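Participant: Right, I'll just put the structure down here and ask away after.
Protein chains in written order, with our numbering: chain A, 190 to 525; chain B, 8 to 539.
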């Protein structure tokens, strides 16, 4: 069996003919396997969905309990037969519940890694390396210019700024699922125990993380109690990136715009967005980790998708590995 | 190096002047000598590494990585030093607590040209990406983080609760790493005694004349001069050394060798640097710009745009400090002094006779020369006091030019204005009368009240037709749109802008909600001002 007979792109998403399912379809299909809960990977309206329990829970929080007609829980590491093939879910280290999906048929194994990262993250399961014949890697930060620093150092930078500007509000833009909880969790791990104020859009997901054993400390809604901007002076407020461009943000005292994202590595990006304090904290692998994963996974062939495919394909060529870009439509850059 | 790198990153992204000052003061307070003094020298562009040429950087990186991968990265990042700092093969963790800035500066300043690639590479190997960026910016000599020498000096003044004029006066006698300066500012040593020749004297500045001011003033107490639109300079010649300083104390002698050759006196003169010939024509500010911020000036440029100083005041003649004399006394000295100088390079600013403020008001509104931007009124008995004392000197500018333009694009502000569309690009009509289109002529982000900002912000959000990152394209056609009355100080010809003009100091002077966009001005209105 050739790789493209087991998985190939279709307009709806990555399709598996022997199992008759799609991975992370962008439009409704009969059977979907979902890697993780981000909106561009997990969409409502499919007939049957298979995902990890946490991803299913997150989809229910975001889309309501009727996000699909039927759902099936994928247990970590337990092979499940679908049609003529077997699928297994392994942790991807991207956000809570995020999975790589190994698809196997006639002795050929392809791992669709979805979005993944290798760094320790106190808010989700750690990435697991799954040996395979063909590895499908993301390439969100697939350029040698992306080398994420240690997130602890970035959190320390934020805390230094809070100490230096105690009269200002630090507004941290962070994607609602995963990044926000990770930033909060890392602040707690760094010893910050003041209340953290959150935008309403984060509340349900933060509550859910708590139920999954990720302690986020005292969170308060970032709403004005008595109408004074000074309520938030010296505080850290976490909100979605778009909320800070919104009128919502006007309630804060002389805010410092911070943004937690791998894109913040590039100063001009930070500048264009009006970010004063870039925090390079990413849910994705940086270049070194992408290369390392390609080296370690032992696949004979690499398919590169969503992001900067060209550079990673070039890296594989230099390593004399077979590689090709896999053109999937409908996936967005992180928080852009 | 780590603290310095973080300082650079923060300064680069902090738009507020006061917050920049705070970052600088905190850094100076927390950083030991000599690192802080070297950082200060780096910020104001006072460090020189003769053995390290920026051209070696490309060669260094091409030895270390695949050129295709480098090219892809460079295309994405857009800045060479930043790209190299990020792609450098040793990753992002750096060595321990980072190298001391002093060690880095020392190595870079002593290295020979042949050893430079090896030494720079070793420094980059031991650094985080952010530190590498700082090192590479030091090496390429262009920090571009929005910190002027004046701002750095203000931070020093804030650090030591000192008067910035004291620092200005000392400045050119001090040298990196400025340990004596910091010791004085922190109160552990006496004020340093400058050793250098030809030091800068802090400049006396004026306040704007307002309608409430002049009714209270007696015109007989004041003289008036034209306010020329060049750059204010100070020519200092002492003990055989000659310097030309900008109003903020930057030494700009290097850009004006033609003028410096004519400095054959001992003394300190305050005046306006202009292009042209004192006896003949005075050229425009655009022409003067041909001479500013140049490291070397060709003979052709010197001949085409000759400069001269129109002298306003004299601070010192020979050994005698004249600053405590009255203006009228200094003026007598000035006239006698300038009479002996090269008449193609120096002349004395003429008085504008007037007997009442109303008469002067008429004159300042109709200056006889396009390079005059109003009048100065100075008390006859005023001594020369650094800074901006209220009362002795007034500037009374002619009214700004105005044009009615249509809002085309709006960009989100920063800091306090991060949630507002507060930076506006506006345009005027151009093209054929029957099919006119808007062409952008400028950008402004102040001149309106907070209440007006809210109204414009709402207009922008309600009339957005396209978005590009933080910028919104706003509905603007013959039927709908928002007209601004834009005030500005002058126009320059520009090859960089599609409209061919660039405004000086544009700001929104009025919101014309009442005005139909079709009645906004046409580009020809601006073009005719260029020819004037």
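Think of the CB as a built atom: it goes at the ideal place given N, C-alpha and C, for glycine as much as any other residue.
None of these values were measured; they are calculated from a predicted model.
(1) How is the beta strand (DSSP E) around residue 486 of chain B delimited, first residue to last?
(2) Please identify, using Cβ separations under 7 Å, the residues of the segment 443–470 of chain B that lie next to chain A, in order along the chain.
(3) Since residue 355 of chain B and residue 341 of chain B should fall inside the 8 Å C-beta cutoff, what is the C-beta to C-beta distance between them, to a whole number of angstroms?
(4) Can you list the residues of chain E that residue 507 of chain A reaches, using a CB-CB cut of under 7 Å?
(5) DSSP beta-bridge partners for residue 362 of chain A?
(6) Could you name the residues of the same chain whose beta carbon sits closer than 8 Å to that of residue 44 of chain B, not counting the 5 residues immediately before and after it, in chain order?
(7) Starting from the beta carbon of residue 477 of chain B, find every residue of chain A whose beta carbon is closer than 7 Å, and list them in chain order.
(8) Along chain A, in chain order, which residues have C-beta atoms closer than 7 Å to that of residue 135 of chain B?
(9) Could you tell me the distance, in whole angstroms, from the CA atom of residue 539 of chain B to the CA atom of residue 480 of chain B?
(10) Quick check on residue 99 of chain B - is its C-beta less than 8 Å from some C-beta in chain A?
(11) Kindly indicate which three-state DSSP category residue 214 of chain B falls into: helix, strand or coil?
(12) Please confirm whether residue 467 of chain A has its beta-carbon closer than 8 Å to some beta-carbon of chain B.
(13) Would residue 324 of chain A pass as a contact of residue 476 of chain A if the rule is Cβ separation under 8 Å?
(14) Should residue 146 of chain B and residue 59 of chain B be called a contact, given that it needs their Cβ atoms to be closer than 8 Å?
(15) Where residue 403 of chain B and residue 219 of chain B are concerned, what is the direct C-alpha to C-alpha distance, given to the nearest angstrom?
(16) Quick check: the Cα distance between residue 330 of chain B and residue 323 of chain B, rounded to an integer number of angstroms?
(17) Can you check which of these residues, B:534, B:277 and B:413, is closest to residue 237 of chain B by C-alpha distance?
(18) So, are the CB atoms of residue 317 of chain B and residue 279 of chain B less than 8 Å apart?
(19) Strictly by DSSP, which residues pair up with residue 276 of chain B?
(20) Classify residue 338 of chain B as helix, strand or coil using the three-state DSSP reduction.
(21) Beta-carbon separation of residue 108 of chain B and residue 42 of chain B under 8 Å?
(22) Determine, using beta carbons only, whether residue 507 of chain A and residue 73 of chain B come nearer to each other than 8 Å.
(23) Examine chain A for any beta-carbon lying closer than 8 Å to the beta-carbon of residue 132 of chain B, and answer yes or no.
(24) Take the Cβ of residue 512 of chain B as the centre, count every other Cβ of all protein chains shown within 10 Å, and call the residue buried at 16 or more, exposed below.
(25) Taking the continuous beta strand (DSSP E) assigned at residue 292 of chain B, which residues delimit it?
(26) So residue 284 of chain A and residue 357 of chain A are in contact, right, with Cβ under 8 Å, and what is the actual spacing, rounded?
(27) Given a cut-off of 8 Å, decide if residue 414 of chain B and residue 431 of chain B are closer than it, judged by their beta-carbon atoms.
(28) Just verifying my parser: in three-state terms, what is the DSSP assignment at residue 72 of chain B?
(29) From residue 438 of chain B to residue 486 of chain B, what distance separates their C-alpha atoms?
(30) Helix or strand or just coil, what does DSSP make of residue 540 of chain B?
(31) For a test of the three-state rule: what should DSSP assign to residue 258 of chain B, helix, strand or coil?
(32) Going by CA-CA distance only, name the one from A:516, A:217, A:483 and A:251 that's closest to residue 509 of chain A.
(33) Considering only the alpha carbon of each residue, which of B:506, B:459 and B:134 lies closest to residue 436 of chain B?
(34) Report yes or no: is there a C-beta of chain A within less than 8 Å of the C-beta of residue 85 of chain B?
(35) Can you find the residues in the same chain that come closer than 7 Å, C-beta to C-beta, to residue 405 of chain B, ignoring five residues on each side of it along the sequence?
(36) Could one say the Cβ of residue 430 of chain B lies closer than 8 Å to chain A's Cβ atoms, at least one of them?
Facilitator: Well, looking at it:
(1) Residue 486 of chain B -> no beta strand (DSSP E), and no H or E assigned at all.
(2) none
(3) 6 Å
(4) Among the chains of the structure shown, chain E does not appear; the protein chains present are A and B.
(5) A:428 and A:448
(6) 183, 184, 185, 186, 188 and 189
(7) 461, 462 and 463
(8) 338
(9) Residue confidence is low: residue 539 of chain B scores 49 on pLDDT, short of 50, so the model does not pin down where it sits. Its coordinate-derived value is still stated next. Going by the C-alpha atoms only, they are around 33 Å apart.
(10) yes
(11) strand
(12) yes
(13) no
(14) yes
(15) 13 Å
(16) 7 Å
(17) B:277
(18) yes
(19) B:242 and B:321
(20) helix
(21) yes
(22) yes
(23) no
(24) exposed
(25) Taken as a continuous stretch (DSSP letters only), residue 292 of chain B belongs to no beta strand (DSSP E), being part of the alpha helix (DSSP H) at 292–296.
(26) That pair is no contact at about 30 Å.
(27) yes
(28) coil
(29) 17 Å
(30) Residue 540 of chain B lies beyond the range of chain B shown here (8 to 539); nothing can be said about it.
(31) strand
(32) A:483
(33) B:506
(34) yes
(35) 371, 372, 374, 380 and 381
(36) no
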